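Numbering (my numbering), first residue to last: 0 to 386.
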(Lines of atoms letter the chains of each structure in order from A and count residues from 1; the text may use other names and numbers.)
(Lines give C-alpha, C1' and ligand atoms only; values in the text may rest on other atoms or scores of the structure.)
Protein backbone atom coordinates (compact mmCIF):
# COMPACT_ATOMS: atom_id res chain seq x y z
CA UNK A 1 0.00 0.00 0.00
CA UNK A 2 1.47 3.32 -1.05
CA UNK A 3 0.70 6.67 0.57
CA UNK A 4 1.16 9.95 -1.22
CA UNK A 5 0.04 13.47 -0.56
CA UNK A 6 -2.22 15.12 -3.06
CA UNK A 7 -0.55 18.17 -4.54
CA UNK A 8 -3.82 20.06 -4.88
CA UNK A 9 -3.65 22.96 -2.44
CA UNK A 10 -7.39 22.91 -1.88
CA UNK A 11 -7.07 19.49 -0.22
CA UNK A 12 -4.35 20.54 2.17
CA UNK A 13 -5.29 21.38 5.73
CA UNK A 14 -4.67 24.75 7.32
CA UNK A 15 -4.95 24.18 11.03
CA UNK A 16 -6.82 26.71 12.79
CA UNK A 17 -6.44 29.49 13.22
CA UNK A 18 -6.42 32.64 14.83
CA UNK A 19 -9.60 31.90 16.47
CA UNK A 20 -11.49 29.67 14.17
CA UNK A 21 -11.40 25.90 14.40
CA UNK A 22 -10.64 23.37 11.75
CA UNK A 23 -10.89 19.65 12.36
CA UNK A 24 -8.23 17.55 10.67
CA UNK A 25 -9.52 14.36 9.13
CA UNK A 26 -7.53 11.76 7.21
CA UNK A 27 -9.35 10.44 4.15
CA UNK A 28 -8.12 7.26 2.47
CA UNK A 29 -8.95 7.15 -1.22
CA UNK A 30 -8.36 3.76 -2.84
CA UNK A 31 -8.09 3.53 -6.60
CA UNK A 32 -7.22 0.63 -8.90
CA UNK A 33 -4.16 1.52 -10.90
CA UNK A 34 -4.54 -0.28 -14.23
CA UNK A 35 -1.00 0.51 -15.29
CA UNK A 36 0.39 -1.23 -12.21
CA UNK A 37 -1.22 -4.59 -12.93
CA UNK A 38 -4.40 -3.86 -11.06
CA UNK A 39 -2.61 -3.09 -7.77
CA UNK A 40 -4.61 -0.86 -5.41
CA UNK A 41 -3.20 2.65 -4.98
CA UNK A 42 -4.31 4.32 -1.76
CA UNK A 43 -3.91 8.06 -1.41
CA UNK A 44 -3.99 9.81 1.93
CA UNK A 45 -5.63 13.22 1.83
CA UNK A 46 -6.78 15.76 4.35
CA UNK A 47 -10.19 17.34 4.37
CA UNK A 48 -11.26 20.65 5.80
CA UNK A 49 -14.20 20.36 8.19
CA UNK A 50 -15.43 23.69 9.49
CA UNK A 51 -17.16 23.84 12.86
CA UNK A 52 -20.49 25.52 13.56
CA UNK A 53 -19.03 28.33 15.65
CA UNK A 54 -16.60 29.18 12.86
CA UNK A 55 -19.43 29.17 10.33
CA UNK A 56 -21.38 31.54 12.54
CA UNK A 57 -18.43 33.90 12.85
CA UNK A 58 -17.63 34.04 9.14
CA UNK A 59 -21.23 34.29 7.91
CA UNK A 60 -22.95 35.98 10.86
CA UNK A 61 -24.24 39.57 10.92
CA UNK A 62 -21.53 40.81 13.28
CA UNK A 63 -18.67 40.36 10.82
CA UNK A 64 -20.66 40.87 7.60
CA UNK A 65 -22.97 43.77 8.54
CA UNK A 66 -22.21 45.43 11.88
CA UNK A 67 -18.44 45.77 11.57
CA UNK A 68 -18.31 47.07 7.95
CA UNK A 69 -21.19 49.48 8.66
CA UNK A 70 -19.26 50.97 11.55
CA UNK A 71 -16.11 51.23 9.44
CA UNK A 72 -18.16 53.08 6.81
CA UNK A 73 -18.97 55.79 9.37
CA UNK A 74 -15.28 56.20 10.18
CA UNK A 75 -14.67 57.15 6.53
CA UNK A 76 -15.82 60.69 7.38
CA UNK A 77 -12.49 61.08 9.19
CA UNK A 78 -10.72 61.21 5.81
CA UNK A 79 -11.76 64.78 4.84
CA UNK A 80 -11.38 65.94 8.46
CA UNK A 81 -7.81 64.69 8.74
CA UNK A 82 -7.00 65.87 5.21
CA UNK A 83 -8.04 69.42 6.13
CA UNK A 84 -6.12 69.17 9.40
CA UNK A 85 -3.01 68.00 7.56
CA UNK A 86 -3.25 70.91 5.12
CA UNK A 87 -3.70 73.36 8.00
CA UNK A 88 -0.70 72.02 9.91
CA UNK A 89 1.46 71.89 6.78
CA UNK A 90 0.74 75.28 5.18
CA UNK A 91 -1.29 77.50 7.50
CA UNK A 92 0.51 77.18 10.83
CA UNK A 93 3.72 79.21 11.10
CA UNK A 94 6.09 78.79 12.82
CA UNK A 95 5.99 75.06 13.46
CA UNK A 96 6.03 74.34 17.18
CA UNK A 97 6.76 70.79 18.44
CA UNK A 98 3.10 70.13 19.33
CA UNK A 99 2.00 71.10 15.81
CA UNK A 100 4.62 68.79 14.28
CA UNK A 101 3.42 65.84 16.36
CA UNK A 102 -0.19 66.51 15.42
CA UNK A 103 0.61 66.90 11.74
CA UNK A 104 2.13 63.41 11.80
CA UNK A 105 -0.88 62.10 13.72
CA UNK A 106 -3.22 63.51 11.06
CA UNK A 107 -1.07 61.93 8.33
CA UNK A 108 -1.26 58.50 10.00
CA UNK A 109 -5.03 58.75 10.37
CA UNK A 110 -5.40 59.84 6.75
CA UNK A 111 -3.45 56.85 5.43
CA UNK A 112 -5.52 54.52 7.59
CA UNK A 113 -8.77 56.05 6.31
CA UNK A 114 -7.67 55.65 2.69
CA UNK A 115 -7.02 51.92 3.22
CA UNK A 116 -10.25 51.37 5.18
CA UNK A 117 -12.51 50.75 2.11
CA UNK A 118 -10.60 47.51 1.42
CA UNK A 119 -11.59 46.22 4.85
CA UNK A 120 -15.18 47.39 4.38
CA UNK A 121 -15.47 45.54 1.07
CA UNK A 122 -13.96 42.40 2.61
CA UNK A 123 -16.56 42.20 5.37
CA UNK A 124 -19.52 43.17 3.19
CA UNK A 125 -18.56 40.38 0.77
CA UNK A 126 -18.92 37.81 3.55
CA UNK A 127 -15.26 37.90 4.66
CA UNK A 128 -14.05 37.14 1.14
CA UNK A 129 -10.82 38.89 0.16
CA UNK A 130 -10.52 39.62 -3.57
CA UNK A 131 -7.66 42.14 -3.67
CA UNK A 132 -4.76 39.70 -3.62
CA UNK A 133 -2.41 38.42 -0.90
CA UNK A 134 -0.12 41.46 -0.92
CA UNK A 135 -2.91 43.99 -0.29
CA UNK A 136 -4.21 41.77 2.51
CA UNK A 137 -0.82 41.98 4.19
CA UNK A 138 -0.66 45.75 3.70
CA UNK A 139 -4.16 46.43 5.05
CA UNK A 140 -3.67 44.08 8.00
CA UNK A 141 -0.37 45.72 8.90
CA UNK A 142 -1.94 49.18 8.45
CA UNK A 143 -4.47 48.51 11.20
CA UNK A 144 -1.80 47.74 13.77
CA UNK A 145 0.61 50.32 12.42
CA UNK A 146 -1.99 53.11 12.72
CA UNK A 147 -2.96 52.08 16.23
CA UNK A 148 0.59 51.94 17.57
CA UNK A 149 1.75 54.99 15.63
CA UNK A 150 -1.14 56.96 17.18
CA UNK A 151 -0.28 55.64 20.65
CA UNK A 152 3.38 56.61 20.28
CA UNK A 153 2.63 60.08 18.88
CA UNK A 154 0.11 60.78 21.64
CA UNK A 155 2.76 59.75 24.15
CA UNK A 156 5.13 62.25 22.50
CA UNK A 157 2.49 64.98 22.79
CA UNK A 158 2.00 64.19 26.48
CA UNK A 159 5.76 64.36 27.15
CA UNK A 160 5.97 67.65 25.23
CA UNK A 161 3.13 69.04 27.33
CA UNK A 162 4.86 67.83 30.51
CA UNK A 163 8.10 69.58 29.57
CA UNK A 164 6.30 72.78 28.56
CA UNK A 165 4.24 73.07 31.76
CA UNK A 166 6.43 71.56 34.47
CA UNK A 167 9.87 72.53 33.10
CA UNK A 168 9.16 75.54 30.85
CA UNK A 169 12.66 77.07 31.03
CA UNK A 170 14.90 74.03 31.30
CA UNK A 171 13.15 72.29 28.41
CA UNK A 172 13.60 75.09 25.86
CA UNK A 173 16.72 73.46 24.42
CA UNK A 174 14.85 70.15 24.06
CA UNK A 175 11.50 71.37 22.74
CA UNK A 176 12.70 72.38 19.28
CA UNK A 177 11.19 71.62 15.86
CA UNK A 178 14.29 69.61 14.95
CA UNK A 179 13.96 67.31 17.95
CA UNK A 180 10.22 66.96 17.32
CA UNK A 181 10.91 65.82 13.75
CA UNK A 182 13.49 63.31 15.01
CA UNK A 183 10.98 61.98 17.54
CA UNK A 184 8.29 61.63 14.86
CA UNK A 185 10.63 59.78 12.50
CA UNK A 186 11.55 57.45 15.36
CA UNK A 187 7.88 56.76 16.12
CA UNK A 188 7.16 56.00 12.46
CA UNK A 189 10.11 53.61 12.30
CA UNK A 190 9.04 51.83 15.50
CA UNK A 191 5.43 51.42 14.37
CA UNK A 192 6.49 50.26 10.90
CA UNK A 193 8.99 47.82 12.40
CA UNK A 194 6.27 46.45 14.64
CA UNK A 195 4.02 45.68 11.66
CA UNK A 196 6.71 44.23 9.35
CA UNK A 197 6.10 40.59 10.45
CA UNK A 198 2.49 40.92 9.31
CA UNK A 199 3.63 42.08 5.87
CA UNK A 200 6.13 39.24 5.51
CA UNK A 201 3.85 36.39 6.62
CA UNK A 202 0.96 34.82 4.72
CA UNK A 203 -2.41 36.27 5.71
CA UNK A 204 -4.87 34.80 3.18
CA UNK A 205 -6.41 31.32 3.42
CA UNK A 206 -9.00 29.76 1.16
CA UNK A 207 -11.87 27.95 2.87
CA UNK A 208 -13.30 25.47 0.39
CA UNK A 209 -16.60 24.85 2.16
CA UNK A 210 -17.59 28.51 2.06
CA UNK A 211 -15.66 29.27 -1.14
CA UNK A 212 -14.13 32.37 0.41
CA UNK A 213 -10.60 33.61 0.96
CA UNK A 214 -10.14 35.05 4.41
CA UNK A 215 -7.70 37.84 5.24
CA UNK A 216 -5.87 37.49 8.57
CA UNK A 217 -8.85 35.84 10.31
CA UNK A 218 -7.54 32.31 9.69
CA UNK A 219 -4.01 31.29 10.64
CA UNK A 220 -2.06 28.07 11.10
CA UNK A 221 -2.14 26.79 14.67
CA UNK A 222 1.65 26.39 14.79
CA UNK A 223 2.02 30.06 13.85
CA UNK A 224 -0.41 31.05 16.58
CA UNK A 225 1.42 29.15 19.28
CA UNK A 226 5.03 29.91 18.43
CA UNK A 227 5.16 32.95 16.15
CA UNK A 228 2.17 35.23 16.66
CA UNK A 229 1.90 34.56 20.39
CA UNK A 230 5.41 35.86 21.07
CA UNK A 231 5.04 38.61 18.48
CA UNK A 232 1.78 40.11 19.75
CA UNK A 233 2.67 39.83 23.44
CA UNK A 234 5.89 41.75 22.76
CA UNK A 235 4.07 44.25 20.55
CA UNK A 236 1.37 45.01 23.13
CA UNK A 237 3.82 45.45 25.98
CA UNK A 238 6.35 47.58 24.09
CA UNK A 239 4.07 49.72 21.92
CA UNK A 240 0.96 50.05 24.07
CA UNK A 241 1.37 49.46 27.80
CA UNK A 242 4.68 51.34 28.06
CA UNK A 243 3.42 54.44 26.13
CA UNK A 244 0.17 54.27 28.14
CA UNK A 245 2.16 54.48 31.37
CA UNK A 246 4.18 57.42 30.03
CA UNK A 247 1.00 59.25 28.93
CA UNK A 248 -0.89 58.76 32.19
CA UNK A 249 2.08 59.83 34.34
CA UNK A 250 2.74 62.89 32.13
CA UNK A 251 -0.81 64.25 32.22
CA UNK A 252 -1.19 63.50 35.93
CA UNK A 253 1.97 65.52 36.56
CA UNK A 254 0.70 68.37 34.35
CA UNK A 255 -2.64 68.60 36.18
CA UNK A 256 -0.91 68.43 39.57
CA UNK A 257 1.50 71.20 38.58
CA UNK A 258 -1.27 73.49 37.30
CA UNK A 259 -3.34 72.91 40.43
CA UNK A 260 -0.50 74.39 42.51
CA UNK A 261 -0.41 77.68 40.56
CA UNK A 262 -1.63 80.56 42.78
CA UNK A 263 -5.19 81.69 42.13
CA UNK A 264 -4.16 85.23 41.21
CA UNK A 265 -2.06 84.21 38.21
CA UNK A 266 -3.74 85.33 34.94
CA UNK A 267 -5.00 82.47 32.78
CA UNK A 268 -4.62 79.91 35.57
CA UNK A 269 -8.18 78.63 35.35
CA UNK A 270 -8.16 78.54 31.53
CA UNK A 271 -4.88 76.61 31.33
CA UNK A 272 -5.96 74.11 33.96
CA UNK A 273 -9.33 73.54 32.27
CA UNK A 274 -7.65 73.00 28.92
CA UNK A 275 -5.16 70.56 30.46
CA UNK A 276 -7.95 68.61 32.16
CA UNK A 277 -10.01 68.42 28.96
CA UNK A 278 -6.95 67.32 27.01
CA UNK A 279 -6.13 64.66 29.61
CA UNK A 280 -9.69 63.34 29.67
CA UNK A 281 -9.80 63.21 25.85
CA UNK A 282 -6.56 61.25 25.65
CA UNK A 283 -7.57 58.86 28.43
CA UNK A 284 -10.94 58.25 26.76
CA UNK A 285 -9.11 57.45 23.53
CA UNK A 286 -6.90 54.97 25.34
CA UNK A 287 -9.78 53.38 27.28
CA UNK A 288 -12.24 53.26 24.39
CA UNK A 289 -10.02 52.77 21.34
CA UNK A 290 -6.75 51.17 22.38
CA UNK A 291 -7.05 49.42 25.76
CA UNK A 292 -9.82 46.88 24.93
CA UNK A 293 -8.16 45.91 21.66
CA UNK A 294 -4.74 45.32 23.18
CA UNK A 295 -5.99 43.61 26.35
CA UNK A 296 -8.19 41.22 24.35
CA UNK A 297 -5.40 40.65 21.83
CA UNK A 298 -3.03 39.78 24.64
CA UNK A 299 -5.53 37.49 26.38
CA UNK A 300 -6.52 35.84 23.09
CA UNK A 301 -3.02 34.78 22.09
CA UNK A 302 -2.09 33.66 25.60
CA UNK A 303 -4.89 31.06 25.38
CA UNK A 304 -3.23 29.11 22.58
CA UNK A 305 -1.13 26.09 23.46
CA UNK A 306 -0.51 22.62 22.12
CA UNK A 307 -3.24 20.04 22.64
CA UNK A 308 -6.09 22.51 23.12
CA UNK A 309 -9.48 20.94 23.92
CA UNK A 310 -12.60 21.76 21.91
CA UNK A 311 -14.12 23.89 24.67
CA UNK A 312 -10.87 25.83 24.98
CA UNK A 313 -10.88 26.62 21.27
CA UNK A 314 -14.50 27.74 21.51
CA UNK A 315 -13.50 30.18 24.25
CA UNK A 316 -10.67 31.41 22.03
CA UNK A 317 -13.15 31.84 19.16
CA UNK A 318 -15.47 33.90 21.36
CA UNK A 319 -12.62 36.13 22.50
CA UNK A 320 -11.66 36.73 18.88
CA UNK A 321 -15.18 37.88 18.01
CA UNK A 322 -14.99 40.39 20.86
CA UNK A 323 -11.55 41.40 19.63
CA UNK A 324 -12.91 42.06 16.11
CA UNK A 325 -15.60 44.34 17.56
CA UNK A 326 -13.13 46.26 19.72
CA UNK A 327 -10.70 46.57 16.82
CA UNK A 328 -13.56 48.19 14.96
CA UNK A 329 -14.15 50.58 17.87
CA UNK A 330 -10.43 51.32 17.86
CA UNK A 331 -10.81 53.06 14.52
CA UNK A 332 -12.71 55.80 16.39
CA UNK A 333 -9.35 57.33 17.24
CA UNK A 334 -9.36 58.81 13.72
CA UNK A 335 -12.44 60.83 14.74
CA UNK A 336 -11.23 61.72 18.23
CA UNK A 337 -7.77 62.91 17.18
CA UNK A 338 -9.09 66.32 15.96
CA UNK A 339 -10.01 67.02 19.60
CA UNK A 340 -6.37 66.40 20.47
CA UNK A 341 -5.38 68.86 17.73
CA UNK A 342 -7.62 71.57 19.17
CA UNK A 343 -6.85 71.21 22.88
CA UNK A 344 -3.21 70.30 22.39
CA UNK A 345 -2.04 73.11 20.12
CA UNK A 346 -2.50 76.82 20.75
CA UNK A 347 -1.61 77.46 17.10
CA UNK A 348 -4.43 75.18 15.98
CA UNK A 349 -6.91 77.02 18.22
CA UNK A 350 -5.76 80.38 16.86
CA UNK A 351 -6.12 79.21 13.27
CA UNK A 352 -9.61 77.87 13.92
CA UNK A 353 -10.65 81.07 15.72
CA UNK A 354 -9.23 83.16 12.87
CA UNK A 355 -11.10 81.06 10.33
CA UNK A 356 -14.39 81.42 12.22
CA UNK A 357 -13.89 85.20 12.55
CA UNK A 358 -13.28 85.47 8.80
CA UNK A 359 -16.46 83.53 8.15
CA UNK A 360 -18.41 85.85 10.45
CA UNK A 361 -16.99 88.92 8.70
CA UNK A 362 -17.88 87.51 5.28
CA UNK A 363 -21.39 86.72 6.47
CA UNK A 364 -21.90 90.21 7.93
CA UNK A 365 -20.56 91.86 4.75
CA UNK A 366 -22.84 89.82 2.55
CA UNK A 367 -25.81 90.88 4.69
CA UNK A 368 -24.82 94.56 4.69
CA UNK A 369 -24.34 94.64 0.90
CA UNK A 370 -27.57 92.85 0.11
CA UNK A 371 -30.28 95.15 -1.39
CA UNK A 372 -33.01 96.17 1.05
CA UNK A 373 -36.41 94.62 0.69
CA UNK A 374 -38.74 96.58 -1.54
CA UNK A 375 -41.17 98.52 0.62
CA UNK A 376 -43.78 101.25 0.17
CA UNK A 377 -42.72 104.36 -1.72
CA UNK A 378 -40.96 106.93 0.39
CA UNK A 379 -43.05 109.85 1.52
CA UNK A 380 -42.19 113.15 -0.19
CA UNK A 381 -40.48 115.80 1.87
CA UNK A 382 -42.80 117.96 3.89
CA UNK A 383 -44.13 120.86 1.88
CA UNK A 384 -42.85 124.24 2.81
CA UNK A 385 -45.15 126.33 4.90
CA UNK A 386 -46.91 129.04 2.95
CA UNK A 387 -45.33 132.37 3.33
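The C-beta atom is built at its ideal place from N, Cα and C for all residues, glycine as well. Remember, it's a predicted structure, so these values are computed and weren't measured experimentally.
- Just measuring C-alpha positions, the residue of 200, 248, 239 sitting nearest residue 227 is 200.
- With 16 or more other Cβ atoms inside 10 Å of its own Cβ, residue 144 counts as buried.
- Around the C-beta of residue 169, fewer than 16 other C-beta atoms lie within 10 Å, and the residue is accordingly described as exposed.
- At least 8 Å separates the beta-carbon of residue 112 from that of residue 58.
- A straight line joining the alpha-carbon of residue 131 with that of residue 117 spans about 11 Å.
- Straight through space, the alpha carbons of residue 339 and residue 277 are spaced by roughly 7 Å.
- The segment 209-282 is shown to contain whole beta strand (DSSP E) runs of 3 or more residues at 211-214, in chain order.
- The straight-line gap separating the alpha-carbon atoms of residue 330 and residue 151 is approximately 16 Å.
- The three-state reading of DSSP puts residue 203 in strand, counting E and B together.
- Under the three-state reduction of DSSP, residue 130 is assigned to coil, being neither helix nor strand.
- Per DSSP, residue 74 lies in no alpha helix (DSSP H) and is assigned neither H nor E.
- The Cβ atoms of residue 140 and residue 198 sit closer than 8 Å to each other.
- A direct Cα-to-Cα measurement between residue 241 and residue 180 gives close to 21 Å.
- When DSSP states are grouped into helix, strand and coil, residue 144 belongs to the helix group.
- Its chain contains 157, 158, 160, 161 as the residues whose beta carbon lies nearer than 7 Å to that of residue 249, once the 5 sequence neighbours on both sides are disregarded; these appear in chain order.
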